[in-house]
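Working notes, beginning with the structure itself.
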Amino acid sequence: ETGVTQTPRHLVMGMTNKKSLKCEQHLGHNAMYWYKQSAKKPLELMFVYNFKEQTENNSVPSRFSPECPNSSHLFLHLHTLQPEDSALYLCASSQVEVAADTQYFGPGTRLTVL
Amino acid sequence: AQTVTQSQPEMSVQEAETVTLSCTYDTSESDYYLFWYKQPPSRQMILVIRQEAYKQQNATENRFSVNFQKAAKSFSLKISDSQLGDAAMYFCAYRIGSNYQLIWGAGTKLIIKP
Chain A
1115 ETGVTQTPRH LVMGMTNKKS LKCEQHLGHN AMYWYKQSAK KPLELMFVYN
1165 FKEQTENNSV PSRFSPECPN SSHLFLHLHT LQPEDSALYL CASSQVEVAA
1215 DTQYFGPGTR LTVL
Chain B
47 AQTVTQSQPE MSVQEAETVT LSCTYDTSES DYYLFWYKQP PSRQMILVIR
97 QEAYKQQNAT ENRFSVNFQK AAKSFSLKIS DSQLGDAAMY FCAYRIGSNY
147 QLIWGAGTKL IIKP
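Residue numbers (this note's numbering), protein chains in the order written: chain A, 1115 to 1228; chain B, 47 to 160.
This is the structure we're talking about:
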C-alpha cells in the first residue's frame, strides 16, 4: 500500500448505529487530518493531529470522535449521526516541518446516514 | 475573514485548448502559501501546483501554471493543451505561515470536450 488509504470506501448507517472510519498513511508524515466534503461547499477541516496530539478541533459535534493511536493511523468514531452528516469524509497527512507542506489525501469514505 | 472565492462553478474547454480557472482570496497576512488541488471523479485529491507568497515568480508544473497577483489577491490556474485526464474538480486553497489549516474554495468543475 502506498500513500493514504481509507476504509471503508462506502458506509451506510442508521442514526442509532456506531461505526468507525479508518485512515492509514504510508508516507512517514507526522500530521493527519479529517475533512468533511459536501457538494458545492469548501472542504471543512474537522480535526488535526500533529505528532499524535490533537491540535485543532473546529467546533465539531461530539457525535464525531477522533482517535490517533500513532502517527500512521487515524480513526473517526461515529455515533448517533444525523442525515445532514452524510458526506464524503477525507483523510489527509503532511510533514509539518516542511515549508509549504503538501497535504496528501486518501480516496475518502462516502457516508450515508439514513 | 479568511476566504477563498472560485467564481466559476463550472468551466468547459475543448481538448488541446487552454483554460484559466480563477481564484481570489482574502487575508491580511503576508506569509502564506497557495495551492491548487485536483479531484478527479475517483475522488483522490492531489496537488497540482503550489506557490509561496514571498516568491514573485509564478510557479509552473509542465502544462500547469499560475498567475499570482499578490496585490490583487488573485491566484489563477492556467492549463495548457488540455487533456481528457484533466477533467476534475479543481480547488484553490491557501495556508497561513505555520498554521495547519488550509482555507478552501468551493471548487470549479472542469469539463474537457473531445
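Note that CB positions come from ideal geometry on N, CA and C, so glycine has one too.
Being a predicted model, the structure only gives us computed values, none of them experimental.
Does DSSP put residue i in a helix, a strand or coil?
i: L67/B; result: strand
i: P1183/A; result: strand
i: L1228/A; result: coil
i: D132/B; result: helix
i: E1198/A; result: helix
i: V1210/A; result: coil
i: M1129/A; result: coil
i: M57/B; result: strand
i: F1230/A; result: Not covered by the structure: residue 1230/A. The range shown for chain A is 1115 to 1228.
i: V1174/A; result: coil
i: A1153/A; result: coil
i: L1141/A; result: coil
i: Y100/B; result: coil
i: K116/B; result: coil
i: T28/B; result: Given that chain B is displayed from residue 47 to residue 160, the structure contains no residue 28/B and the question cannot be resolved.
i: Y83/B; result: strand
i: Y146/B; result: coil
Are there 16 or more other CB atoms within 10 angstroms of the CB of residue i, so buried, or fewer, so exposed?
i: I157/B; result: exposed
i: Y79/B; result: buried
i: I149/B; result: buried
i: R32/B; result: With chain B running from 47 to 160 in the structure shown, residue 32/B is simply not present.
i: R141/B; result: buried
i: K101/B; result: exposed
i: H1143/A; result: buried
i: I125/B; result: buried
i: A47/B; result: exposed
i: V1162/A; result: buried
i: K84/B; result: buried
At 7 Å on the CB atoms, spell out the chain B contacts of residue i, in chain order.
i: V1162/A; result: Y146
i: V1267/A; result: The displayed coordinates of chain A run from 1115 to 1228. Any statement about residue 1267/A would go beyond what the structure contains.
i: L1204/A; result: M91
Here's a check: name, in chain order, each residue in its chain whose Cβ is nearer than 6 Å to the Cβ of residue i, leaving out the five neighbours to either side.
i: Q97/B; result: L80, A105, V112 and F114
i: A62/B; result: D127
i: A1145/A; result: N1164, S1208 and V1210
i: K1136/A; result: T1121 and F1189
i: S1134/A; result: F1189 and H1191
Under 9 Å Cβ-Cβ, which residues of chain B neighbour residue i?
i: V1174/A; result: Here the premise fails: no neighbours, minimum Cβ distance about 13 Å.
Going by beta carbon distance, what residues of the same chain come within less than 8 Å of residue i, once the five residues before and after it are set aside?
i: E1158/A; result: Y1149, K1150, Q1151, S1152 and N1172
i: A133/B; result: P86, P87, L156, I157 and I158
Cutting at 7 Å between CB atoms, please list the residues of its own chain near residue i, excluding the five before and the five after it.
i: T70/B; result: T51, K119 and S120
Under 8 Å Cβ-Cβ, which residues of chain A neighbour residue i?
i: S88/B; result: P1221
i: A152/B; result: K1154, K1155 and P1156
In chain A, what lies closer than 9 Å to residue i by C-beta?
i: A133/B; result: Simply none; closest approach about 17 Å.
i: W82/B; result: Going along chain A, no residue has its Cβ under 9 Å from W82/B, so there is no contact; the nearest lies around 11 Å.
i: V50/B; result: P1156
In chain B, what lies closer than 8 Å to residue i by C-beta?
i: T1216/A; result: F81, L93 and R96
So residue i contacts chain A; which residues on that side make the cut at Cβ distance below 7 Å?
i: A47/B; result: Result: empty, since nearest Cβ-Cβ is about 13 Å, beyond 7 Å.
Would residue i count as contacting chain D if we go by Cβ distances under 8 Å?
i: L123/B; result: Looking at the structure shown, chain D is missing, and the protein chains on hand are A and B.
Taking a Cβ distance cut-off of 8 Å, strictly less, list which residues of the segment 1139-1171 of chain A are near chain B, in chain order.
So the close ones are A1145, Y1147, K1154, K1155, P1156, L1157, L1159, V1162, N1164, T1169 and E1170.
Interface residues of the segment 1123-1139 of chain A facing chain B [CB-CB below 8 Å]:
Answer in chain order: no residues at all.
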